Amino acid sequence: MRNAIVTIAAAGLLAGCGVSTQQEVQMGQQEAQQVSAQLPMVQDSYIQNYVNTLGQRIASRTSRTDLQWQFQVVNSYVVNAFALPGGFIYINRGVLARADNMSEVAGVLGHEIEHVVRRHSVKQMEQAQGANVGVGILCALTGVCQSGVAQAAINIGGTAVFAKFSRTDEVQADEGGFQNVIRAGINPRGMLTLFQKLLAEEQSSGNSNVSAWFSDHPGTTDRIADIQRMLNQTPASTLNQLQTNDSNFSTMKSRLSRLGPAPKSAGE
33 MRNAIVTIAA AGLLAGCGVS TQQEVQMGQQ EAQQVSAQLP MVQDSYIQNY
83 VNTLGQRIAS RTSRTDLQWQ FQVVNSYVVN AFALPGGFIY INRGVLARAD
133 NMSEVAGVLG HEIEHVVRRH SVKQMEQAQG ANVGVGILCA LTGVCQSGVA
183 QAAINIGGTA VFAKFSRTDE VQADEGGFQN VIRAGINPRG MLTLFQKLLA
233 EEQSSGNSNV SAWFSDHPGT TDRIADIQRM LNQTPASTLN QLQTNDSNFS
283 TMKSRLSRLG PAPKSAGE
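Each number in this note's numbering corresponds to the 1-based position in the sequence shown with 32 added.
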């Protein structure tokens with residue numbers, strides 16, 4: 033953890049002085065190295081390729097075609113997804129396990145892609161005034177820093193700027209993500225159905241793995257209503273022409289079900 037603090041603290045020095053695309057990518061690469069070192073990734077190449085192909089399909093229709101987007105599946109039952117600066121997107125195994133079709137996975141990816149498109153992380157970084165922003169991303173979004181020792185190190189290292197995206201950021205990511213999946217030819221209804229599913233599970237069981245989603249993605253109830261509004265404003269003829277599922281989704285799910293148990297250290 034000390035290495036992570038030393039390596040990433042330099043990113044905070046860029047705060048307040050404007051972050052270029054090159055700097056954004058460099059910081060994202062640093063963060064991605066830390067994520068790869070500290071979080072277990074799903075090793076099944078079919079699952080990884082499925083998510084990466086779907087993510088690339090969506091990202092290629094955005095205004096950030098200048099980025100070399102990368103999509104990875106974290107081997108964790110925790111229901112979560114997160115984006116690093118520069119186009120590094122992570123989705124947890126727990127999300128894939130609850131998805132019933134391709135459009136539900138696409139909705140999550142479209143949302144995280146929009147955080148990068150709108151440079152939400154970078155804008156927070158520019159306001160950080162030297163805070164240890166990198167540790168904030170790694171710990172708050174991945175849940176990897178739950179130990180008392182790690183938390184103490186964060187407090188010493190600086191304020192965790194990226195503890196949460198604001199409700200405004202989340203709404204913007206929903207609205208932009210909605211359009212992202214439409215441009216990719218995918219039905220955005222999957223955003224609604226997955227959110228509704230997660231909310232019902234959290235309310236009925238209080239599952240801690242699902243609660244992580246609501247902690248890191250605030251205002252979900254209001255956002256569900258906003259997505260429903262956008263769906264109501266989209267002509268049914270348009271929605272009916274968009275793709276909801278594909279032939280590879282069921283294969284991906286089958287392979288997911290055959291994976292061994294996720295490591296207990298993956299944020300549970």
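Backbone N, C-alpha and C define an ideal beta-carbon position, used for all residues, glycine too.
Note that the structure is predicted; figures quoted are calculated from it, not measured.
Sub-7 Å separation of residue i and residue j beta-carbons
i      : j      : result
VAL149 : ARG96  : yes
GLU234 : SER243 : yes
VAL105 : GLN80  : yes
GLU136 : GLY209 : no
GLY118 : GLY60  : yes
ALA257 : ARG125 : no
HIS152 : ASP201 : yes
GLU56  : LEU116 : no
Cα-Cα separation between residue i and residue j, rounded to whole angstroms
i      : j      : result
LYS296 : SER108 : 8 Å
GLN260 : ALA113 : 22 Å
LEU271 : ILE218 : 9 Å
MET284 : TYR78  : 7 Å
ASP98  : LEU86  : 18 Å
GLN65  : MET73  : 12 Å
ASP278 : MET134 : 6 Å
ASN212 : LEU263 : 14 Å
SER198 : VAL154 : 14 Å
TRP101 : SER286 : 26 Å
LEU291 : GLN58  : 33 Å
THR253 : GLN265 : 19 Å
ASP76  : ILE121 : 17 Å
SER236 : SER68  : 34 Å
SER289 : ALA205 : 30 Å
GLN54  : GLU207 : 26 Å
HIS123 : ALA268 : Looking at the sequence provided, one finds Ile at residue 123 rather than His. The straight-line gap from Cα to Cα measures roughly 30 Å.
GLN156 : THR276 : 34 Å
ALA129 : VAL203 : 25 Å
SER226 : LEU141 : Residue identity check: residue 226 is Leu in the sequence provided, not Ser. Computed Cα separation, rounded: 12 Å.
Integer Cβ distance of residue i from residue j, believed to fall under 8 Å
i     : j      : result
VAL83 : PHE103 : 5 Å
Beta-carbon contacts of residue i that lie in its chain and below 6 Å, excluding the five residues immediately before and after
i      : result
PHE216 : According to the sequence as given, residue 216 is Ala; it is not Phe. These residues qualify, in order along the chain: ARG89, ILE90, ARG93.
ALA131 : VAL137
Identity of the residues DSSP links to residue i by a beta bridge
i      : result
TYR82  : In the DSSP output, where bridge partners are listed per residue, TYR82 has none listed.
ALA115 : ILE121
GLY103 : Contrary to the premise, residue 103 reads as Phe rather than Gly in this sequence. Paired residues: ILE121.
MET73  : VAL106
ILE218 : GLN275
Sequence-distant residues of the same chain with beta carbon closer than 7 Å to residue i, five excluded per side
i      : result
LEU274 : ILE214, GLY217, ILE218, ASN219
LEU224 : ILE256, ILE259, GLN260, LEU263
SER52  : none
ASN302 : A query on residue 302 cannot be resolved here, the shown segment of the chain reaching from 33 to 300 and no further.
GLN228 : ILE256
GLY180 : In this prediction, GLY180 scores a pLDDT of 37, lower than 50, which makes its location untrustworthy; no coordinate-derived value is stated.
Own chain residues within Cβ distance below 8 Å of residue i, not counting five before or after
i      : result
SER315 : Examination of residue 315 is not possible in this model, given that the chain is present from 33 through 300 alone.
Residue-chain proximity (residue i, chain D), Cβ-Cβ < 7 Å
i      : result
ARG287 : This model lacks chain D altogether; it includes just one protein chain.
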